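Asker: All you need for the working numbering is the position in the sequence shown, starting with 1, plus 8.
The beta carbon of each residue, even a glycine, is placed where N, CA and C say it ideally should be.
As the structure is a computational prediction, the values presented were derived from the model and not from experiment.
Handing you this structure, nothing more for now.
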Amino acid sequence: MGKSLFTLSDLPAEEIVSIIDRAMMFCQGIDIPNFSDKIACNLFFEPSTRTQYSFNVAEVRLGMRVISFNPAASSLNKAESFYDTVKTFDSFGPDAIVIRHSENEYYKQLEGYINAAILNGGDGTGNHPTQSLLDLMTIKQEFGHFEGLKCVIAGDISHSRVAHTDYEVMRRLGMEVVTAGPDFFLEDSLKQEDFDSAVKTSDIVMMLRVQHERHASHMAMTAEEYHRAYGLTLEREKTMKDKAIIMHPAPVNRGVELADSLMECPRARIFKQMSNGVFVRMAVLERGVL
Ligand code: ASP
9 MGKSLFTLSD LPAEEIVSII DRAMMFCQGI DIPNFSDKIA CNLFFEPSTR
59 TQYSFNVAEV RLGMRVISFN PAASSLNKAE SFYDTVKTFD SFGPDAIVIR
109 HSENEYYKQL EGYINAAILN GGDGTGNHPT QSLLDLMTIK QEFGHFEGLK
159 CVIAGDISHS RVAHTDYEVM RRLGMEVVTA GPDFFLEDSL KQEDFDSAVK
209 TSDIVMMLRV QHERHASHMA MTAEEYHRAY GLTLEREKTM KDKAIIMHPA
259 PVNRGVELAD SLMECPRARI FKQMSNGVFV RMAVLERGVL
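Now the structure itself:
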């Protein structure tokens, strides 16, 4: 059985750091393995641009052969279950199966029944381990360490698997993490701070997308009102610390959680995060199939 990655909370801090270090080597073109005898299946049951296609690029960079899956044209339409779909792909004998699904902890029903390494590309509002790894890689490139850095994660916290994963792992690595945003998006169990004061004192300002597709009802606020009250506006950006950076897992609602022109401003690391996604996914694939 391959080495699966369901959540980062399953991994000790040293292993998380060693995956990031390996990704940094790949980023420099060092020691890239050749897995031309290995096959990866990418099963995305939820829409995805970055995670799906950067896994794809990572697989290609490792020389793997890649099978992609289109749920709309599959036997899911004949009422085949999620479990039977994954088990079917596993019976073809791939080395790795990357899965994204809208159900939290979907992987629990697969554990012990699948031979390939299962790599979690996001489960509902639960976990997004490779996103957090690429966030951490971006932070390490920028600051060289984690200990003592402050990160504010702001916006739609309760629907964000990125916020949930980052919050846990960043704290474990010695960072101070606070959340900010409208009350209806915050969670009591996570440390909260006033957004304006957090923006001024953080090394990393991480903005989140308002995830309308996961909301049970419409938000009682226009996009402009949201931007003014909880978005990273041009005025708020000016109050950030000199060396502080802006991150966002994307897709970005430009002009809502983030002022349009901040997306590619000198502090923004959003496209850098995307580039790093390829390297951390290479490292996770290597760990999975070796
Ligand atoms: N791309 C991230 C995710 O899949 C964040 C988002 O969709 O807003 O969770």
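1. Within 10 angstroms of its Cβ, does residue 225 collect 16 or more other Cβ (buried), or is it exposed?
2. Looking only at DSSP bridge pairs, what is residue 52 linked to?
3. So, do the segment 212-228 and the segment 147-165 have three or more beta carbon pairs nearer to each other than 8 angstroms?
4. Could you name the residues that DSSP lists as bridge partners for residue 215?
5. With a threshold of 7 angstroms, establish whether the CB of residue 137 neighbours any heavy atom of the ligand ASP.
6. Can you give me the C-alpha to C-alpha distance between residue 248 and residue 116, rounded to a whole angstrom?
7. Which residues bound the beta strand (DSSP E) around residue 250?
8. At the level of alpha carbons, what is the spacing between residue 179 and residue 110?
9. For residue 49, does the count of other Cβ atoms within 10 angstroms reach 16, so buried, or fall short, so exposed?
10. Examine the Cβ distances between the segment 219-235 and the segment 121-129 and report whether three or more of them are shorter than 8 angstroms.
11. Nearest to residue 142 by CA position, among 289, 297 and 293, is which residue?
12. Could you please give the first and the last residue of the uninterrupted alpha helix (DSSP H) stretch that includes residue 146?
13. Taking three-plus beta-carbon pairs below 8 angstroms as touching, is the segment 17-34 in contact with the segment 132-152?
14. Could you give the distance in angstroms between the alpha-carbon of residue 22 and the alpha-carbon of residue 16?
15. Only counting the same chain, and skipping five residues up and downstream in sequence, which positions put a Cβ closer than 6 angstroms to that of residue 237?
16. Sorry if obvious, but does the Cβ on residue 274 come closer than 7 angstroms to a heavy atom of the ligand ASP?
17. Residue range of the beta strand (DSSP E) that residue 197 falls in?
18. Using only the alpha-carbon positions, how far apart do residue 60 and residue 251 sit?
19. Just to check, is the beta-carbon of residue 170 closer than 7 angstroms to a non-hydrogen atom of the ligand ASP?
20. By alpha-carbon positions, which one of 107, 261, 216 and 77 ends up nearest to residue 163?
21. Quick check: the segment 63-73 against the segment 32-46, are there 3 or more CB pairs under 8 angstroms?
22. What separation, rounded to the nearest whole angstrom, lies between the Cα atoms of residue 263 and residue 218?
23. Report the three-state DSSP secondary structure of residue 185 (helix, strand or coil).
Answerer: So, from the listed chains and residues:
1. As a working mapping, residue 225 is identified with position 217 in the sequence shown. Exposed, by the Cβ-count rule.
2. Along the sequence shown, one-based indexing puts residue 52 at 44. Bridge pairing for residue 52: 108 [DSSP].
3. Flag = yes, the segment 212-228 and the segment 147-165 touch.
4. Against the sequence shown, residue 215 aligns to sequence position 207. Looking at the DSSP assignment, residue 215 forms a beta bridge with 162.
5. Taking the first residue of the sequence shown as 1, we reach residue 137 at position 129. Outside the cutoff, so no.
6. Position 240 of the sequence shown holds residue 248. Position 108 of the sequence shown holds residue 116. Rounded to whole angstroms, the separation of the alpha carbons of residue 116 and residue 248 is 41 angstroms.
7. Locating residue 250 in the sequence shown gives position 242, where the first residue counts as 1. In the DSSP assignment, residue 250 falls outside any beta strand (DSSP E), carrying neither H nor E.
8. Here residue 179 corresponds to residue number 171 of the sequence shown, with the count starting at 1. Here residue 110 corresponds to residue number 102 of the sequence shown, with the count starting at 1. Roughly 26 angstroms separates the two Cα atoms.
9. The residue given as residue 49 occupies position 41 in the sequence shown. Under this definition residue 49 is a buried residue.
10. Verdict: no, contact absent.
11. Against the sequence shown, residue 142 aligns to sequence position 134. Nearest of 289, 297 and 293 to residue 142, Cα basis: 289.
12. Position 138 of the sequence shown holds residue 146. Here the alpha helix (DSSP H) through residue 146 covers 137-151.
13. The segment 17-34 vs the segment 132-152: in contact.
14. Position 14 of the sequence shown holds residue 22. Position 8 of the sequence shown holds residue 16. Their Cα atoms are separated by approximately 11 angstroms.
15. What you label residue 237 is simply residue 229 of the sequence shown in a count that begins at 1. Within the same chain, no residue comes within 6 angstroms of residue 237 by CB-CB distance, once the 5 residues on both sides are set aside.
16. Locating residue 274 in the sequence shown gives position 266, where the first residue counts as 1. Result no, Cβ not under 7 angstroms from the ligand ASP.
17. As a first step, residue 197 is located in the sequence shown; it is residue number 189 there, counting from the start. Following the DSSP letters along the chain, one finds residue 197 in no beta strand (DSSP E), marked with neither H nor E.
18. Within the sequence shown, the letter at position 52 stands for residue 60. Within the sequence shown, the letter at position 243 stands for residue 251. Each residue's alpha carbon lies about 31 angstroms from the other.
19. Stepping through the sequence shown from its first residue, residue 170 is reached at position 162. Yes, since a heavy atom of the ligand ASP falls inside the 7 angstroms radius drawn around the Cβ of residue 170.
20. Walking along the sequence shown from the start, residue 163 turns up at place 155. It is 216.
21. Counting Cβ pairs under 8 angstroms, three or more are found: they touch.
22. Position 255 of the sequence shown holds residue 263. Position 210 of the sequence shown holds residue 218. Approximately 12 angstroms, taken between the alpha carbons.
23. Numbered from 1 along the sequence shown, position 177 holds the residue referred to as residue 185. Strand.
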